[in-house]
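Student: Please find one structure pasted underneath; my questions will follow.
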């Protein structure tokens, strides 16, 4: 999952919002594999990459 990142999940405009996916996924049965900023050469905005693995119940 790649999202425009902000700790406080502020609005970008009337439709879109920045997200903190690590915080959003913390209540689910998943393992966080990676939670890193994308390199600015790939994405100049503050994009964060979060990689998850679903855990068996």
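In the working numbering, the protein residues as written are 1 to 57.
We treat Cβ as the ideally placed atom computed from N, Cα and C, and that holds for glycine.
Whose C-beta lies closer than 6 Å to the C-beta of residue 39 among residues of the same chain, with five residues either side of it excluded?
Tutor: Once the five neighbours on either side are set aside, residue 39 has no close Cβ partner at all.
Student: Between the Cα of residue 3 and those of 56, 53, 37 and 32, spot the shortest distance and give me the residue it belongs to.
Tutor: Of the candidates 56, 53, 37 and 32, the one whose C-alpha sits nearest the C-alpha of residue 3 is 37.
Student: Residue range of the alpha helix (DSSP H) that residue 23 falls in?
Tutor: First-last of the alpha helix (DSSP H) with residue 23: 21–25.
Student: Measure the C-alpha to C-alpha separation of residue 14 and residue 54 and round it to an integer number of angstroms.
Tutor: Between residue 14 and residue 54, the C-alpha separation is close to 32 Å.
Student: Using a 10 Å radius around the Cβ and a threshold of 16 neighbouring Cβ atoms, would you call residue 5 buried or exposed?
Tutor: With 16 or more other Cβ atoms within 10 Å, it is buried.
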